[in-house]
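With our numbering applied, the sequence shown corresponds to residues 1288 to 1711, in that order.
Beta carbons: idealized from backbone N, C-alpha and C, even for Gly.
Keep in mind the model is a prediction, meaning the values are calculated, not measured.
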Amino acid sequence: MKQRGRHRRQKRGRALRAFLAGTALALTAAATMISASQATVGDRPGALKALAASDRAAGLRLQERLVPQSTLDRLTAAMGRPVGVSSVLADADHSLRGAADCTTAERTALPVAPAATRAYCWDAADTRGWRAGAVTTSGDADDDGHWGEHRVILSGWTHRTGRSAQPGLARVALVDAGDADRLTYAWATLVVPVDGGRDYRGLTSPVSGMVWYQDKLLVTAADGLYVYDMHRIQRATVDSGAVGRVRGGWAAYGARYVLPAVGSYRLSGKAARPAAISLDRSTAPDSLVASERVATDSGRHTRLWRYAFSSDPARAGLLATDAMGGAVATEAYETKATGIGGILSYGSQWYLARAAATPGGHGTLWRQNSRDAKATECGSDETNRCWTGPSGSLSYWEETGEVWSQSGRMLYALPLSSIDRSLG
């Protein structure tokens, strides 16, 4: 029986690869129609330029602020004992659909080249009114790729308010990725304790970057980064559109769970705002890499930088800080590429996902280092517009060699080696 089951999975895998390859060919034809006249300086960003130590100290400093233990204890006492990731996954009440069951419109959000080798789509009814953002995995949390016995993907979303200048609530889907043919998930609303732990408010910020490292989840915010503890997931007890303490218990805008922040890293002065972040396990110690979001017509270059994680066991998952509680970049660069929505660093290479220049178009995936820059190519005219249009965050699962990202309602993965092979 086990052998027949394995053969069925192999057939499904071959069918999915063939389907995705066909999708990539169809999208490649569309990509070749992009005019060369649309090229900008971001299409030829050249080599990375290292920033001086004085620039790193002045413009890239974050100040750590941890929530008092008494506040966290008071909230726990009121809400009940926290639950673990395993309990949330066991309570998963939603499922992702495989690529073959996604609509043509949904699949157009996938990269043209290199093609995704795994792809799934979110249920339209479950995500209506929400915008997909960042992705991180248990491959970030632990180098064996597991959280306990589970393989897990975290997917961040932001509620659309109808006013682009006013972000809505943020939430995270905890996805059980143990069975590649059946991904299930449950929602947790991201919140911030207030009133000394007697209540909480929703985190209202675009979730454009997330990193799950050890037991901490770092999430981008307008004023820096918020920190969450994956051991402190709380149950919501009232199904309500409110967030916080309500009559009869605790509400989380319809989600079954909430994640209360345990700290934050706030911007110091005019420090650059981290818009995209990811984990780099190729450094010693492991590090957090970040980039800012710079508009194409701003006339500015984009800064890329990294922070070291603390090696102190008592500060698991937190950044290394100085005596004043400041996290200072250990390395920083400038790139001429703009509109960066996803960043990845591994070895001496930096990978930058650049948004499409026009609505409905495809973006560009660059690999840059201190010597040059190359982009993935597709089509007979060797166009570089091969990536997803919204250019979502990038997360490298080192144990499997896969890069995970999401675009629109599509969650997908592809080998980092296939990206390197596609570079022109």
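- Secondary structure in the segment 1614-1643: no alpha helix (DSSP H) run of 4 residues or longer lies completely within the stretch.
- Runs of alpha helix (DSSP H) with 4 or more residues, each lying fully within the segment 1367-1392, are found at 1372-1377, listed in chain order.
- Counting only residues of its own chain and dropping the five nearest sequence neighbours on each side, G1550 has a CB closer than 7 Å to the CB of E1351, R1352, L1353, V1354, V1514.
- Here the alpha carbon of A1563 sits roughly 7 Å from the alpha carbon of E1579.
- One thing to note: Y1472 has its Cβ no nearer than 9 Å to the Cβ of S1492.
- Secondary structure at T1491: strand, using DSSP grouped into helix, strand and coil.
- According to the DSSP assignment, D1463 belongs to the beta strand (DSSP E) that extends over 1457-1463.
- If you ignore the 5 residues before and after C1408, its C-beta comes within less than 6 Å of the C-beta of R1384, C1389, E1393, R1696, M1697, all in its own chain and listed in chain order.
- Ranked by Cα distance from A1642, the options S1635, A1460, T1651 are led by T1651.
- Annotation: A1345 to D1410 spans about 44 Å, alpha carbon to alpha carbon.
- For S1705, the uninterrupted alpha helix (DSSP H) run begins and ends at 1703-1708, by DSSP.
- For D1430, there is no enclosing alpha helix (DSSP H), as DSSP marks it with neither H nor E.
- The beta carbons of T1423 and W1444 sit no closer together than 9 Å.
- Beta bridge pairing from DSSP links W1474 with A1460.
- In terms of CA proximity to Y1500, S1574 leads the group S1574, S1694, M1611, A1457.
- In the pairwise beta carbon analysis, the segment 1522-1534 is classified as not touching the segment 1500-1512: fewer than three pairs are separated by under 8 Å.
- DSSP lists S1578 as the beta-bridge partner residues of A1563.
- Within its own chain, the residues whose Cβ lies closer than 7 Å to the Cβ of A1523, once the five positions on either side in sequence are excluded, are W1537, A1538, A1539, A1542, R1543, Y1544, V1545, listed in chain order.
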